[in-house]
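Student: Just so you know, my numbering puts 192 at position 107 of the sequence shown, and the rest follows in order with no gaps. We put the CB at the ideal spot given by N, CA and C, even for glycine.
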Amino acid sequence: MKKLLLILCVFVFVISVTSCGSSDGVSQEEYDALLAEIEELKGKQEANDDTEEEAANEDISENDETAEDNSPQSEDAIEIVAEYSYADSIGWYNYHFIVIKNNTNETLSVSSSSIAYDADGNVLGADDASFDALGAGCTSVMREAFDIEGVAARYDTTVSSAPPSYYESVIQDLTYTESNIASGAVFQVTNNGSEAAEFVEGYALFFKDGNLVGYDDAYFTDDDSEIKPGATVTKQLDINKEFDSIQFYLDGRR
86 MKKLLLILCV FVFVISVTSC GSSDGVSQEE YDALLAEIEE LKGKQEANDD TEEEAANEDI
146 SENDETAEDN SPQSEDAIEI VAEYSYADSI GWYNYHFIVI KNNTNETLSV SSSSIAYDAD
206 GNVLGADDAS FDALGAGCTS VMREAFDIEG VAARYDTTVS SAPPSYYESV IQDLTYTESN
266 IASGAVFQVT NNGSEAAEFV EGYALFFKDG NLVGYDDAYF TDDDSEIKPG ATVTKQLDIN
326 KEFDSIQFYL DGRR
């Protein structure tokens with residue numbers, strides 16, 4: 086369109102020059118008709134330019150929205166409900182459990198990063214953890230294990246989240262029953278969803294007088310590393326210390 090408009094403008098210029106220097110030039114009527122056609126083409130070109138600009142702006146807006154959808158979520162999206170820690174009796178590890186809740190309406194992958202300090206504020210070590218797919222409104226736990234000397238007095242923890250890259254949440258489809266026994270508890274986990282739940286793992290945190298004294302974990306899966314729809318998998322989780330309460334959390338994906 087722009088090339089055609091340029092050609093017509095040049096053509097009119099040549100005609101105007103030749104008509105001024107010769108009595109054999111085009112008539113005034115023909116000359117006016119060409120000018121009118123150029124004005125019409127100019128109007129069409131301006132309308133086309135406006136349409137292209139609007140389309141470009143829409144593409145930029147869509148790209149911005151896509152970038153926003155894939156951007157990390159704010160820390161407010163994931164609430165740290167509670168933190169518990171204890172050092173094992175062998176002295177190999179300090180365990181740090183972070184109870185997390187997804188306060189959004191979307192499934193999120195969650196990651197943590199923590200620094201452990203002693204009572205004097207000295208850095209003892211660092212560790213991190215991740216949760217593949219935490220469903221909307223769901224609560225679960227992440228475990229960090231610090232291979233350090235001494236006992237951590239506190240942790241400086243940062244939790245971040247983003248839309249999951251590969252997995253979907255399953256814990257919203259899982260329910261369990263708990264039967265306490267002298268050495269721990271027997272848990273029966275049922276998949277109430279319509280799809281298999283993969284790599285379902287259960288964590289039992291054992292408390293005495295409100296303090297975490299130990300934990301046990303197990304995979305609640307069949308030979309295919311799944312809990313099939315409608316199926317139930319049973320496991321016993323134990324501790325060799327006295328306890329008076331248990332908190333149980335589930336992890337998994339599909």
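1) Return the CA-CA distance between D154 and A281, expressed in angstroms with no decimal places.
2) Please state whether DSSP places A238 in a helix, a strand or coil.
3) Take E379 as the anchor and find which of L219, D173, A204 and D203 has the nearest alpha-carbon.
4) For G53, which residues from the same chain have a beta carbon less than 7 Å from its beta carbon, with the 5 sequence-adjacent residues on both sides left out?
5) Evaluate contact between the stretch 182 to 197 and the stretch 239 to 255, counting only Cβ atoms and requiring at least three cross-stretch pairs below 8 Å.
6) In this structure, how does DSSP classify A289 when only helix, strand and coil are distinguished?
7) Need the endpoints of the beta strand (DSSP E) that R338 sits in, please.
8) So the candidates are R338, Y178, L335 and I312; which of them puts its Cα closest to the Cα of S231?
9) Is I256 helix, strand or coil by DSSP?
10) Grouping DSSP H, G and I as helix and E and B as strand, with all else coil, what is Q321?
11) Using the beta-carbon count (16 or more within 10 Å), is N190 buried or exposed?
12) What does the alpha-carbon distance come out to for the pair D301 and H181?
13) Exposed or buried, which one is I312 when buried takes at least 16 other CB atoms within 10 Å?
14) Could you check the C-alpha separation between E253 and D205 for me, to the nearest Å?
15) Identify, in the order they occur along the chain, each residue of the same chain with its Cβ nearer than 7 Å to the Cβ of I92, setting aside the five sequence neighbours on each side.
Tutor: Judging by the given coordinates:
1) With a pLDDT of 45 at D154, under the threshold of 50, the modelled position of this residue cannot be trusted; read the value that follows with caution. Approximately 28 Å, taken between the alpha carbons.
2) coil
3) What the structure shows of the chain is the stretch from 86 to 339, and residue 379 is not part of that stretch, so it cannot be assessed.
4) No statement about residue 53 is possible, as the shown extent of the chain runs from 86 to 339 and does not include it.
5) yes
6) strand
7) S330 to R338
8) In the sequence as displayed, the identity of residue 231 is Phe instead of Ser. Among R338, Y178, L335 and I312, the Cα nearest to that of F231 is on Y178.
9) helix
10) strand
11) exposed
12) 14 Å
13) buried
14) 42 Å
15) Model confidence at I92 stands at a pLDDT of 46, short of 50, so the residue's coordinates are unreliable; what they give is reported in the following sentence. For I92, where only same-chain residues beyond five positions count, there are no Cβ hits under 7 Å.
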